[in-house]
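Everything below concerns the one structure shown next.
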Amino acid sequence: MISRKLRLVITFSSTTDALLLEQSCKENQISGGLIPVPRMISASCGLAWSTNVKNEKDIQTLLDYIQVQPEGIYQCMI
Numbered sequence: 000m001i002s003r004k005l006r007l008v009i010t011f012s013s014t015t016d017a018l019l020l021e022q023s024c025k026e027n028q029i030s031g032g033l034i035p036v037p038r039m040i041s042a043s044c045g046l047a048w049s050t051n052v053k054n055e056k057d058i059q060t061l062l063d064y065i066q067v068q069p070e071g072i073y074q075c076m077i
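Pasting the structure below:
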């Protein structure tokens with residue numbers, strides 16, 4: 000059985016925005032990684048950033064700083 004964990008998942012309207020957040024998180028030592036958008040969020044293809052839910056405030060601050068507007072921010076078991 001696959002164990003699932005509660006994760007913060009951020010979706011974007013463009014791949015460029017997802018890659019920009021990935022780069023910025025690495026530079027600011029915020030853990031996480033790019034994943035396919037989970038089916039429970041959207042049936043369309045695309046990239047999302049997944050991180051620990053404890054990082055939500057840091058991610059929000061970083062998104063404001065790099066001026067990226069996410070399509071959505073979710074907490075889900077993945």
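Residue numbers (numbering that gives the first Met the number 0): 0 to 77. Glycine included, every Cβ here is placed at the ideal spot set by N, Cα and C.
Compute the Euclidean distance between the alpha carbons of residue i and residue j, then round it to the nearest angstrom.
i	j	result
residue 60	residue 0	36 Å
residue 25	residue 9	16 Å
residue 52	residue 31	10 Å
residue 42	residue 66	26 Å
residue 44	residue 2	24 Å
residue 77	residue 47	12 Å
residue 39	residue 23	26 Å
Could you tell me if residue i is buried or exposed, where buried requires 16 or more neighbouring beta carbons within 10 angstroms of its beta carbon?
i	result
residue 35	exposed
residue 49	buried
residue 5	exposed
Would residue i and residue j qualify as a contact pair, given that the criterion is a beta-carbon distance under 8 Å?
i	j	result
residue 79	residue 63	Residue 79 is absent from the model: the chain starts at 0 and stops at 77.
residue 12	residue 55	no
residue 74	residue 20	no
If I follow the unbroken beta strand (DSSP E) through residue i, where does it start and stop?
i	result
residue 47	46-51
residue 34	32-35
residue 9	5-10
residue 74	71-76
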